[in-house]
Structures are given as C-alpha cells and as structure tokens.
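Numbering (full-length UniProt numbering), first residue to last: 1 to 287.
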C-alpha cells in the first residue's frame, strides 16, 4: 500500500477559536522550565484530578475501530520533527540503559503505546531480514507495540510482538507488572478518554528505574481529540500531560500506584522554535 510522507489531514488546534488566531508557540526555554523549581504540591495542590467527564468528550464519538479501519500509512508530523523524535529516543534509551545495565550494551525492553507502522526507534531495534547466522531481535530484547490497526502493526519492522486494543474501551495494558524498561506513547495522548488510567498502567508495567515518555505535537485528527485538548495551546498541553502523570500516583485518591512515578519533567524537542511541527515530551521515572 502506498503511503505519503506527511499527513496533511491533521489539523492544528487553535486556542482562541473565536478570534481565529493561531495558537501561540512557546518561547525559548518556556517548556523546559515549566515544571522545574516548583514542588508537586505547588503545581497540583488538589488531591483529585482537576477534570470532569465532559473534558474527555469528542466531536466524533463513533467507534474508534471504524476510524482506524483503513490503515493510515503516513507520518503524522513533518520530516524535521521525525528526526527530533528519533534523536530523543536514541538519547533516552542510552540514558536509561546506562542507568539500568551499565556498560553492558544490553538492548532495552520497550513498549510502544499507540504504535503504528513505524516507531522511529534506533536502528539496533530493527528486525533483520536475514536471520541465518544472526541473533534475531526477539532474542536480544522485547519491543511490544499496542495499537488499533493490525495491518499497520504487522508492517512495523521494530516490533517483536504486537497487540490490537482500543484503549478508549479498555485502558488496562495486557502486560505483567515490571515488564519493560521504557514505555513510550507518541502522538496518542490527545485522543484518550481515560489518560490518567493509562498513565497509571504505563507506570505499572515499567521496571524500577525505567521511564515513561509521552510525546505530542500540535497536529491532530480534530474530531477524535478530546475536548480538554482541542481548544488549548502547547503550554497547556504540557501541563495537562504532566497532570495525568502526577495523578497516576494514586488515581482518584484510590492509593493504587501511590508514589510509583517521579515528578514529571518536560522538554521542547521541536526542530525549530517557529517553523514546522513542534514536538514536546513529558516524562517520569519509575521509583
């Protein structure tokens, strides 16, 4: 099936719909310093998440399986942003690998939540077409993908296994506790109706010392994005994702997962401060 380099059907949300103005791009260093120097108590003083059910309503509430029935073999961000995404994965996998396994050079066990036909992981996490006389990727590490399209997932050369699951129907991940070193979710969080539950699940399947990374841009399928996301700017998006990760520690006051994840951090990894698609990451480590 043919694919195009960049999906132009994705729209950029506008924070000020009434005025028709384009949402503001964050200034230099604004995202990186957004959460730093502030305690979690100062950032999130309330014991319960600051959301109501309508925050996660969508314009299109039809079955998501219908929307993803046709494989979307496209890049959802532009080429420069894809390069930034790949560079971030390379640096993060190296950092987490050094912390967990020292200089052994061991590949990490990774979960890609919201996976599709490409993951943009480092080349060492790619299956070899010729396995004769070589150690297959699946014997060196586990790269699991969870997404909506079996056809897309089957084409991904970096997955050693995949699961088809609608996270809006069932946000519980089908993996044992402490199964992965890194859990990533790229360009997915804006569509989730129970993001805090999913963040708690991502923390649950992480090993101690592992990292959960949530990456996003300002491009989206507008009718499938939740209301809480669609009308906000990039700074608000960063704060929301950090809020999801914070309240994953003891979701809804239940105490489940309490003190499971570190305080979230944020970084602007956009290739340009003014041009092209922006890219942001919010991450937390498993305690």
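Beta carbons: idealized from backbone N, C-alpha and C, even for Gly.
With H, G and I counted as helix, E and B as strand and the rest as coil, what does DSSP make of residue i?
i: residue 182; result: strand
i: residue 273; result: coil
i: residue 157; result: coil
i: residue 266; result: strand
i: residue 125; result: helix
i: residue 278; result: coil
i: residue 52; result: coil
i: residue 234; result: helix
i: residue 110; result: strand
i: residue 82; result: helix
i: residue 226; result: strand
i: residue 137; result: helix
i: residue 261; result: strand
i: residue 198; result: helix
i: residue 173; result: coil
i: residue 132; result: In this prediction, residue 132 scores a pLDDT of 47, lower than 50, which makes its location untrustworthy; the coordinate-derived value is nonetheless stated afterwards. Coil, per DSSP.
i: residue 252; result: Model confidence at residue 252 stands at a pLDDT of 43, short of 50, so the residue's coordinates are unreliable; what they give is reported in the following sentence. Residue 252: helix per DSSP, three-state reduction.
i: residue 243; result: helix
i: residue 18; result: Bear in mind that a pLDDT of 32 at residue 18, under 50, signals an unreliable position, so the number given afterwards is only what the model happens to contain. It is coil, neither helix nor strand.
i: residue 92; result: helix
i: residue 30; result: coil
With a threshold of 16 other CB atoms inside 10 Å of the CB of residue i, please say whether the residue is buried or exposed.
i: residue 274; result: exposed
i: residue 150; result: exposed
i: residue 38; result: exposed
i: residue 201; result: buried
i: residue 284; result: buried
i: residue 75; result: buried
i: residue 279; result: buried
i: residue 158; result: buried
i: residue 137; result: buried
i: residue 50; result: exposed
i: residue 170; result: exposed
i: residue 29; result: exposed
i: residue 47; result: exposed
i: residue 264; result: buried
i: residue 243; result: buried
i: residue 52; result: exposed
i: residue 259; result: exposed
i: residue 252; result: With a pLDDT of only 43 at residue 252, under the threshold of 50, the placement of this residue in the model should not be trusted; the figure read from the coordinates follows. Answer is exposed; the Cβ neighbour count stays below 16.
i: residue 26; result: buried
Using 8 Å for Cβ pairs, my map puts residue i next to residue j. What's the rounded Cβ distance?
i: residue 291; j: residue 212; result: This structure cannot settle anything about residue 291, because the visible part of the chain is limited to 1 through 287.
i: residue 245; j: residue 199; result: 5 Å
i: residue 153; j: residue 164; result: 7 Å
i: residue 277; j: residue 57; result: Actually they are not in contact, since the Cβ atoms of residue 277 and residue 57 sit about 26 Å apart, beyond 8 Å.
i: residue 141; j: residue 108; result: 6 Å
i: residue 234; j: residue 218; result: 6 Å
i: residue 281; j: residue 214; result: 7 Å
i: residue 189; j: residue 216; result: 6 Å
i: residue 55; j: residue 228; result: 4 Å
For residue i, list the residues DSSP reports as bridge partners.
i: residue 213; result: 184, 283
i: residue 164; result: 147
i: residue 58; result: 226
i: residue 206; result: 180
i: residue 43; result: Looking at the DSSP assignment, residue 43 forms no beta bridge with any residue, so it has no partner.
Comparing the CB of residue i with every heavy atom of the ligand FAD, is any distance shorter than 8 Å?
i: residue 187; result: With respect to the ligand FAD, the structure offers nothing, as it holds no ligand at all.
(request) State whether the region 262 to 273 contacts the region 76 to 87, with contact taken as three or more CB pairs (one from each stretch) at a distance under 8 Å. (result) yes
(message) Taking 8 Å as the cut-off, does the region 176 to 184 touch the region 146 to 164 (at least 3 CB pairs, one atom from each stretch)?
(response) no
(message) I'd like to know if the region 104 to 115 and the region 22 to 34 are in contact, where contact means that at least 3 CB-CB pairs between them fall below 8 Å.
(response) no
(request) Flag this pair as touching only if the region 203 to 210 and the region 40 to 52 have three or more C-beta atom pairs under 8 Å; answer yes or no. (result) no
(request) Inspect the CB distances between the region 59 to 70 and the region 214 to 229 and report whether three or more fall short of 8 Å. (result) yes
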